[in-house]
Amino acid sequence: MKRIGLMVKSSSAEAVAFGREAAVWIKGKGKEVFIPPYLADRISAAEALSFDDLPDAIEAMIVLGGDGTMLAAARLIAGRKVPIVGVNLGGLGFLTAIAMKEAYPLLERVLNDDYAVEERMMLAVELEADGGVNSRHKVLNDVVIKSAGARLSRLETRINKEYITTYRADGLIIATPTGSTAYSLSASGPILYPTIHSIIVNPICPFNLTNRPVVIPDWMTVDVTVMQGNSDVQLVLDGQVDLPLSIGARIMVRRADESVYLIKNDGKGYFDILRERFLWEPGKSGR
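Just so we're aligned: 182 in numbering that gives the first Met the number 0 is position 183 of the sequence shown, and the numbers increase by one with no gaps anywhere.
This is the structure we're talking about:
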């Protein structure tokens with residue numbers, strides 16, 4: 000592996016400093032390092048490329064920051080089979096699960112093509128309004144439809160074209176297993192193992208308390224229509240892209256053909272990450 004991309008949380012001085020150090024270290028191994036334009040004046044050992052050119056120029060991506068930086072990197076790579084290493088320099092870090100002290104041994108293995116990846120499914124989203132498809136998107140964590148104000152949203156929901164209900168709620172979350180530990184978890188959704196092939200449909204603070212989260216197989220589709228009586232409804236993609244929704248707008252969600260490939264740290268399993276992030280009781284030997 001010779002061409003490495005670097006995404007850094009620019010608001011974190013620690014992440015930028017580590018990015019400078021990592022770029023020098025990678026170049027010292029005889030590899031090329033590429034960064035997006037916003038880092039051009041902050042990491043001199045790397046070559047800045049446009050957002051359009053960067054994904055096709057690299058063989059792997061290193062992300063230094065939190066899960067937000069990881070989501071931005073996944074959106075930039077846009078379904079290409081470019082593996083990602085996530086080093087946690089942000090908050091909780093379910094996606095950026097590798098600690099700084101673990102980074103260089105793992106990066107050494109990545110540069111030597113000695114690594115394993117974990118495939119994470121994505122969702123494909125189509126927004127249809129005024130009789131046609133207005134936009135298409137891919138998300139790694141979740142699709143959120145919610146009112147910007149204090150009023151309840153009315154969202155007619157169908158799964159595989161079968162009518163389920165019209166939710167009266169603060170909103171609706173459609174999440175991947177990866178996104179099960181994000182917004183959906185705060186809305187009392189289940190934690191799913193990240194490689195399970197399924198989709199979560201989870202209302203946010205529903206008026207009808209019997210409206211509970213449901214988990215469906217990944218071959219099913221979810222269609223949501225914004226009904227009369229709504230105002231200031233938004234479509235929020237991975238918490239980073241906001242789109243206004245008009246009355247009658249239809250949001251169609253299915254599993255994407257593309258996936259994201261995260262490089263695994265073989266010394267740390269998913270339940271190790273959950274235990275660290277949620278401060279669960281440490282494991283004990285025996286019964």
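Here a beta-carbon is modelled for each residue, glycine too, at the ideal position from N, C-alpha and C.
Here the structure is a predicted model, which means the values were calculated and not measured.
Practice problem: Can you grab the Cα-Cα spacing for the pair M69 / I215, in whole Å? | Solution: If I take the Cα positions, the gap works out to 26 Å.
Quiz item: Any idea what DSSP makes of E46, helix, strand or coil?
Solution: In this structure, DSSP gives E46 an extended state, which the three-state scheme calls strand.
Quiz item: Thinking C-beta only, is M120 closer than 7 Å to S258?
Solution: It is a contact, given that the beta carbons lie within the stated cut-off.
Quiz item: At what residues does the beta strand (DSSP E) containing R274 begin and finish?
Solution: Run containing R274: none in the beta strand (DSSP E); it sits in the alpha helix (DSSP H), 269–277.
Quiz item: Sorted by chain position, which residues of the same chain lie with C-beta nearer than 8 Å to A39's C-beta, five sequence neighbours on each side aside?
Solution: Around A39: A47.
Quiz item: With a CB to CB cut of under 8 Å and the five nearest residues on each side skipped, what residues in its chain are close to L105?
Solution: Around L105: V84, I97, Y114, I262, N264.
Practice problem: Quick one: measure Cβ to Cβ for D141 and I163, integer angstroms, because I've assumed they're closer than 8 Å. | Solution: That belief does not hold up - the Cβ atoms of D141 and I163 are roughly 18 Å apart, past 8 Å.
Quiz item: So G170 and V143 are in contact, right, with Cβ under 8 Å, and what is the actual spacing, rounded?
Solution: So it is a contact: roughly 6 Å between Cβ atoms.
Quiz prompt | I195 - DSSP class collapsed to helix/strand/coil | solution = Secondary structure at I195: coil, using DSSP grouped into helix, strand and coil.
Quiz prompt | Of the residues K1, L88, G178, A72, the one placed nearest A14, counting alpha carbons only | solution = Per the Cα distances, L88.
Quiz item: With respect to the beta strand (DSSP E) encompassing I144, which residues constitute its N-terminal and C-terminal limits?
Solution: Per DSSP, the unbroken beta strand (DSSP E) holding I144 starts and ends at 141–146.
Quiz item: Hey, F206 and R167: beta-carbon distance below 7 Å or not?
Solution: Yes, Cβ-Cβ distance for F206 and R167 is below 7 Å.
Quiz prompt | Strand pairing of R153, partner residues [DSSP] | solution = Bridge partners of R153 according to DSSP: R167.
Quiz prompt | Proximity winner among V132, S185, D241, relative to I203 (alpha-carbon distances) | solution = Each of V132, S185, D241 was checked against the Cα of I203, and the nearest Cα belongs to S185.
Quiz item: For the segment 0–35, which segments carrying the alpha helix (DSSP H) assignment without a break, of at least 4 residues, lie completely within its bounds, in sequence order?
Solution: Correct list: 12–27.
Quiz item: Can you tell me whether DSSP reads R108 as helix, strand or coil?
Solution: Collapsing the DSSP output to three states places R108 in a helix.
Quiz item: Do A44 and K26 have their C-beta atoms within less than 7 Å of each other?
Solution: Result yes, Cβ atoms of A44 and K26 sit closer than 7 Å.
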